[in-house]
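Numbering (the numbering used here), first residue to last: 783 to 865.
Note that the Cβ used here is the ideal one computed from N, Cα and C, for glycine as well.
Keep in mind it's a predicted model, so treat the numbers as computed, not measured.
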């Protein structure tokens with residue numbers, strides 16, 4: 783992966799930190815996250831797409847570990863402070 787993609791993935795990791803989303807809804811989080819991923823993939827060089835895909839899956843793992851993976855009926859729930 784080249785520097786712009788590496789920087790963008792690093793920014794995603796920063797952006798998923800809980801303090802950014804506390805008090806907002808899961809829907810807001812997922813709207814931001816999915817939109818940002820589309821932007822990152824759209825700006826990437828074709829040669830970087832495989833490596834970028836692997837990195838984005840790692841971010842998804844971090845999201846799952848952070849408790850943001852919720853069923854669709856909870857998307858409008860507010861994200862609380864960590865327990």
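Boundaries of the alpha helix (DSSP H) in which residue i is found, first to last residue
i: residue 861; result: Residue 861 -> no alpha helix (DSSP H), and no H or E assigned at all.
i: residue 830; result: Counting along the chain, residue 830 falls outside any alpha helix (DSSP H), and DSSP gives it neither H nor E.
i: residue 744; result: Since the first and last residues shown for the chain are 783 and 865, residue 744 lies out of range.
Residue i versus residue j: straight-line alpha-carbon distance, rounded
i: residue 852; j: residue 843; result: 13 Å
i: residue 835; j: residue 863; result: 30 Å
i: residue 821; j: residue 828; result: 14 Å
i: residue 801; j: residue 857; result: 18 Å
i: residue 818; j: residue 794; result: 8 Å
i: residue 837; j: residue 791; result: 7 Å
i: residue 813; j: residue 789; result: 20 Å
i: residue 797; j: residue 823; result: 17 Å
i: residue 826; j: residue 785; result: 10 Å
Opposing strand residues paired with residue i [DSSP bridges]
i: residue 807; result: 860
Beta-carbon proximity check, residue i vs residue j, cutoff 7 Å
i: residue 806; j: residue 861; result: yes
i: residue 847; j: residue 808; result: no
i: residue 787; j: residue 832; result: no
i: residue 803; j: residue 811; result: yes
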